[in-house]
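Undergrad: Line order of the protein sequences matches chains A and B. Numbering of the first sequence is given in the working numbering, commencing with residue 2 and proceeding in unit increments. Numbering of the second sequence is given in the working numbering, commencing with residue 2 and proceeding in unit increments.
Number of protein chains: 2
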Amino acid sequence: MHREDGLVRLRALGFRDADAELLWQHFDDAERRGKPSHGHARIDWLATQSFDAQARPKQIDDGRWDGNGAVGYLVLARVCHALIASPPRDARLVVCERTFPTGMLGHHVRRLAEAGLIGVLTATSPPRLGPPGGPKVAGTNPLAVGIPSSDGEPVVVDVSMGAVTWGDVVAGLASEDELVPFGGEQWHKALALALGLQLLVDSLVTQPGHGAVLLVARPHADPVAALRATGIRLPGARQRKNVPK
Amino acid sequence: MHREDGLVRLRALGFRDADAELLWQHFDDAERRGKPSHGHARIDWLATQSFDAQARPKQIDDGRWDGNGAVGYLVLARVCHALIASPPRDARLVVCERTFPTGMLGHHVRRLAEAGLIGVLTATSPPRLGPPGGPKVAGTNPLAVGIPSSDGEPVVVDVSMGAVTWGDVVAGLASEDELVPFGGEQWHKALALALGLQLLVDSLVTQPGHGAVLLVARPHADPVAALRATGIRLPGARQRKNVPK
Chain A
2 MHREDGLVRL RALGFRDADA ELLWQHFDDA ERRGKPSHGH ARIDWLATQS FDAQARPKQI
62 DDGRWDGNGA VGYLVLARVC HALIASPPRD ARLVVCERTF PTGMLGHHVR RLAEAGLIGV
122 LTATSPPRLG PPGGPKVAGT NPLAVGIPSS DGEPVVVDVS MGAVTWGDVV AGLASEDELV
182 PFGGEQWHKA LALALGLQLL VDSLVTQPGH GAVLLVARPH ADPVAALRAT GIRLPGARQR
242 KNVPK
Chain B
2 MHREDGLVRL RALGFRDADA ELLWQHFDDA ERRGKPSHGH ARIDWLATQS FDAQARPKQI
62 DDGRWDGNGA VGYLVLARVC HALIASPPRD ARLVVCERTF PTGMLGHHVR RLAEAGLIGV
122 LTATSPPRLG PPGGPKVAGT NPLAVGIPSS DGEPVVVDVS MGAVTWGDVV AGLASEDELV
182 PFGGEQWHKA LALALGLQLL VDSLVTQPGH GAVLLVARPH ADPVAALRAT GIRLPGARQR
242 KNVPK
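Below you can see the structure in the form of structure tokens.
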């Protein structure tokens with residue numbers, strides 16, 4: 002999909018120009034990073050979701066925002082924008098209530114890392130993971146970590162606790178049966194992480210609904226270059242796909 | 002091992018009575034929770050480590066401690082004690098420099114959760130994980146999450162990114178070849194988490210050496226009971242082993 006097509010479709014969903022631009026950047030970044038299940042296809046999917054395209058996320062205080070009916074992508078975009086404009090002195094925990102869907106979490110922490118801030122982000126989603134044969138009790142609840150680096154490219158970790166993504170299921174690339182905790186025989190580890198992250202969010206919010214929790218901090222050291230020198234491929238450094246502009 | 006035997010051995014390593022008691026509680030908790038690689042056997046192992054049994058961890062400010070030569074177990078015990086005595090108004094990030102070894106991280110967040118505080122804890126350790134055939138670049142770097150519950154028992158997640166523990170290797174229960182990122186075919190997910198958590202710690206410390214990072218927060222909601230009602234076994238609720246007192 003070309004940029005102009007994407008923006009036209011997003012504006013047709015009722016988004017303001019600036020918000021349509023933010024959403025396009027998110028979907029196009031996912032497409033270019035080889036995560037099409039978070040990419041352009043999500044524009045048509047958004048039309049099936051319940052949200053108020055004109056809603057503005059509300060900041061309650063330094064450590065709490067309320068999505069206020071806006072799509073989660075835009076809530077996290079606004080939260081990151083505010084943190085970059087006015088970073089904490091050391092570190093801050095930000096609880097984002099009623100914040101869903103939030104997309105590819107690595108996109109948000111990458112923005113923070115490119116602005117020199119460490120970010121750790123998780124978000125809840127509908128329960129799709131459980132023990133074999135048991136009830137579905139946890140979302141795929143990814144954990145994303147963004148680390149700035151003086152050598153330019155940040156490290157961006159973004160790990161979902163599912164063996165496949167819900168987007169893959171929606172796109173017909175995987176069956177719902179394949180959406181289990183990753184880990185093979187050690188599935189209990191990924192399920193435990195998904196449950197821990199979910200309870201973290203659910204114990205910090207004051208209102209029902211899916212939410213996100215973001216830790217942001219200023220770095221005191223610069224460890225990425227030494228790790229890169231080992232020669233391993235660092236998370237988030239995947240070669241970008243060539244997608245038409 | 003009986004309690005009195007354990008305390009005698011710990012005091013023989015030079016620890017004060019109160020510190021020997023804290024260490025015994027940690028090792029005995031691990032033993033009773035079915036994690037013998039973090040249990041009584043660690044007392045003899047401690048004798049092989051480099052530390053100053055009489056050192057006292059130093060608090061630099063609200064968000065930073067320095068192990069100051071003390072064993073990591075005792076640093077985290079002191080940090081948790083201080084946070085329970087004087088909890089943050091909302092949330093606080095605590096960076097623990099020169100803090101190693103830290104043991105079973107779930108033990109520390111369980112103490113916080115039993116005192117009504119949410120805890121999220123990670124810690125670095127010597128590099129033992131890497132891509133297949135590649136260099137060892139990451140510690141097993143566990144992530145522990147403790148969530149208090151009004152129904153009494155907290156949920157305690159404690160997940161190492163290795164398929165087996167280093168303790169299992171030391172004890173001859175697993176070979177060093179088996180110490181790979183967990184996940185089977187999806188080993189890259191556990192390695193990415195290990196690298197992300199390691200860089201988080203390494204970018205927050207000001208001194209070289211292994212360290213720990215702890216997020217502590219007051220809960221605003223009480224989600225555990227509803228999750229327990231689904232009937233699944235919650236992390237950290239494993240039946241305790243019957244170990245002689």
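For glycine and all other residues, C-beta sits at the position ideal for the given N, C-alpha and C.
Under a CB-based cut-off of 8 Å, is Glu154(A) close to chain B?
TA: no
Undergrad: Identify whether Ala139(A) lies in helix, strand or coil by the three-state DSSP scheme.
TA: strand
Undergrad: In the segment 51 to 70 of chain B, which residues sit with their C-beta less than 7 Å from some C-beta in chain A, listed in chain order?
TA: Here the close residues are Gly64.
Undergrad: For Phe101(B) and chain A, any beta-carbon pair shorter than 8 Å?
TA: For Phe101(B), the answer is no, since every Cβ of chain A falls outside 8 Å of its Cβ.
Undergrad: Is Leu194(A) near Leu144(B), with beta carbons less than 8 Å apart?
TA: yes
Undergrad: Rounded to whole angstroms, what's the CA-CA distance from Val217(B) to Val158(B)? Just pull it up for me.
TA: 15 Å
Undergrad: Please classify Ser38(B) as buried or exposed, where buried requires at least 16 other C-beta atoms within 10 Å of its C-beta.
TA: Label assigned to Ser38(B): buried.
Undergrad: At a CB distance below 9 Å, what residues from the segment 11 to 42 of chain B approach chain A? Give them in sequence order.
TA: none
Undergrad: Comparing alpha-carbon positions, which option in Leu130(B), Gly147(B) and Asp45(B) lies nearest Ala139(B)?
TA: Leu130(B)
Undergrad: Spell out whether any CB of chain A is found under 8 Å from the CB atom of His211(B).
TA: no
Undergrad: Between Ser126(A) and chain B, is any beta-carbon pair separated by less than 8 Å?
TA: no
Undergrad: Return the chain-ordered list of same chain residues with a C-beta closer than 6 Å to the C-beta of Leu196(A), the five sequence neighbours on each side being excluded.
TA: Ala139, listed in sequence order.
Undergrad: Short of 6 Å in beta carbon distance, which residues of its chain neighbour Val202(A), apart from the five on each side in sequence? Order them along the chain.
TA: Thr125, Gly212 and Val214
Undergrad: Which residues in the same chain have their Cβ closer than 7 Å to the Cβ of Ala114(A), if we skip the five residues on either side of it in sequence?
TA: Within the same chain, Ala114(A) has close Cβ partners Gly120, Gly147, Ile148, Pro149, Pro155 and Val157.
Undergrad: Excluding the five sequence neighbours on either side, which residues of its own chain have a C-beta within less than 8 Å of the C-beta of Arg219(A), listed in chain order?
TA: If we look at Arg219(A) and ignore the five residues flanking it on each side, its Cβ neighbours are Pro88, Pro89, Arg90, Asp91, Ala92, Gly117, Leu118 and Ile119.
Undergrad: Kindly list, in the order they appear in chain B, the residues whose Cβ is closer than 7 Å to that of Thr231(A).
TA: Under the 7 Å cutoff, chain B gives Pro136 and Val138.
Undergrad: Counting C-beta neighbours from all protein chains within 10 Å, is the total for Gly104(A) 16 or more, i.e. buried, or is it exposed?
TA: buried
Undergrad: Could you confirm whether any beta carbon from chain A is found closer than 8 Å to the beta carbon of Asp45(B)?
TA: no
Undergrad: Can you give the Cα-Cα distance for Arg12(B) and Asp29(B), rounded to whole angstroms?
TA: 16 Å
Undergrad: As an exercise, report each continuous alpha helix (DSSP H) stretch of at least 4 residues that is fully enclosed by the segment 166 to 236 of chain B, in chain order.
TA: Taking only runs of at least 4 residues, the alpha helix (DSSP H) segments lying wholly in the segment 166 to 236 of chain B are 167 to 171, 188 to 205 and 225 to 229.
Undergrad: Does Pro127(A) pass the burial test, meaning 16 or more other C-beta atoms within 10 Å, or should it be called exposed?
TA: Counting every other CB atom within 10 Å of its CB across the protein chains shown gives Pro127(A) a total below 16, marking it as exposed.
Undergrad: Taking the alpha carbon of Val206(B) as the point to measure from, which residue in Ala222(A), Thr207(A), Trp46(A) and Ser51(A) has its own alpha carbon closest?
TA: Ala222(A)
Undergrad: With 8 Å set as the bound, which would you pick, yes or no: does the beta-carbon of Lys246(B) sit closer than that to a beta-carbon of chain A?
TA: The predicted model places Lys246(B) with a pLDDT of 48, which falls under 50 and marks its position as unreliable, so this point remains unresolved.
Undergrad: Please report the Cβ distance between Asp67(B) and Ile61(B), rounded to the nearest whole angstrom; I am assuming they are in contact, meaning their Cβ atoms lie under 8 Å.
TA: 6 Å
Undergrad: Since Cys97(A) sits in a beta bridge, which residues does DSSP pair it with?
TA: Trp66(A) and Ala213(A)
Undergrad: For the beta strand (DSSP E) holding Val160(B), just list the boundary residues, first then last.
TA: First-last of the beta strand (DSSP E) with Val160(B): Val156 to Val160.
Undergrad: Can you tell me whether His108(B) is buried or exposed? The criterion is at least 16 other CB atoms within 10 Å of its CB, across all chains shown.
TA: buried
Undergrad: Could you tell me the distance, in whole angstroms, from the CA atom of Cys81(B) to the CA atom of Leu47(A)?
TA: 44 Å
Undergrad: In angstroms with no decimal places, state the Cα-to-Cα distance between Ala71(A) and Thr49(B).
TA: 57 Å
Undergrad: Would DSSP call Ala42(B) helix, strand or coil?
TA: helix
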